[in-house]
Amino acid sequence: LEIPPLRERREDIPLFVQHFLENFNREFDRKVRGVHPAVLTAIKKNPWPGNVRELRNVIESMVLFSRGEEIGLEDLPAEYRAPATSSGVAAQLTVWEPRPLADVERELILRTVNHTNGHRARAAELLGIGLRTLQRKLKEYGEISPRDPDEG
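Reading the sequence shown from the start, the letters are residues 248 to 399 in this note's numbering.
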């Protein structure tokens with residue numbers, strides 16, 4: 248049985264996106280209802296060398312860090328945004344500006360803690376770091392809050 252790569256089945260991408268949205272909404276207790284059409288256009292233009300697994304990972308990240316009920320261009324990782332095209336999609340894309348790594352790390356940590364409703368043990372797990380490392384980083388950022396009830 249030979250299944251063609253995702254880049255040859257672009258018409259299937261919206262189906263995969265919807266499937267992954269539903270799964271990750273359940274897994275992360277989120278309520279993301281959909282994807283902005285400009286995001287879907289950008290996703291469909293990507294060659295997806297990692298096939299469905301790569302698409303799955305991108306959707307997971309966007310669901311996890313989205314701030315609203317719809318995944319917008321701000322949620323799409325920069326490397327997946329479509330280049331300038333005559334379709335006008337490029338005009339809607341957020342311009343990428345380099346930032347210091349420490350700023351990006353801080354934003355990721357704070358967004359993850361917010362996503363877990365302050366449950367630092369879960370946030371540390373999602374980030375792939377130790378709880379003490381997370382606590383130290385939060386202290387550095389001046390984000391000290393009461394301990395999680397399950398942290399003892």
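Idealized CB from N, CA, C, for every residue including glycine.
Using only alpha-carbon positions, find the residue among Glu255, Glu307, Leu302 that is nearest to Lys278.
On the sequence shown, residue 278 is found 31 positions in, with the first residue counted as 1. Among Glu255, Glu307, Leu302, the Cα nearest to that of Lys278 is on Glu307.
Given Glu390 as reference, the closest of Arg353, Thr363, Glu326, Leu374 once Cα atoms are compared
In the sequence shown, counting from the first residue as 1, residue 390 sits at position 143. The candidate whose alpha carbon is nearest that of Glu390 is Arg353.
So does the segment 292 to 310 actually touch the segment 351 to 368, counting three or more Cβ pairs closer than 8 angstroms?
no
With a threshold of 16 other CB atoms inside 10 Å of the CB of Ala349, please say whether the residue is buried or exposed.
In the sequence shown, residue 349 corresponds to position 102, counting from 1. Exposed.
Tell me Val282's beta-bridge partners as DSSP assigns them.
By one-based count along the sequence shown, residue 282 stands at place 35. Answer is Ile318, bridged to Val282.
Between the alpha carbons of Ser313 and Glu255, how many angstroms are there, rounded?
Position 66 of the sequence shown holds residue 313. Position 8 of the sequence shown holds residue 255. Cα to Cα, the separation comes out at about 28 angstroms.
For the alpha helix (DSSP H) containing Asp259, list its first residue and its last residue.
As a first step, residue 259 must be located in the sequence shown, where it is residue number 12. Counting along the chain, Asp259 falls outside any alpha helix (DSSP H), and DSSP gives it neither H nor E.
Quick one: is Ile290 buried, meaning 16 or more other Cβ sit within 10 Å of its Cβ, or exposed?
Against the sequence shown, residue 290 aligns to sequence position 43. By the 10 Å Cβ count, Ile290 comes out buried.
Can you tell me whether Tyr327 is helix, strand or coil according to DSSP?
Locating residue 327 in the sequence shown gives position 80, counting from the first residue. If DSSP states are grouped into helix, strand and coil, Tyr327 belongs with the helices.
Report yes if the C-beta distance between Asn364 and Val310 is below 9 angstroms; otherwise report no.
Walking along the sequence shown from the start, residue 364 turns up at place 117. Walking along the sequence shown from the start, residue 310 turns up at place 63. Their beta carbons are not under 9 angstroms apart, which means Asn364 does not touch Val310 by this criterion.
Taking buried to mean at least 16 other C-beta atoms within 10 Å of its own C-beta, is Thr359 buried or exposed?
Here residue 359 refers to the residue found at position 112 when the sequence shown is read from its first residue. Label assigned to Thr359: buried.
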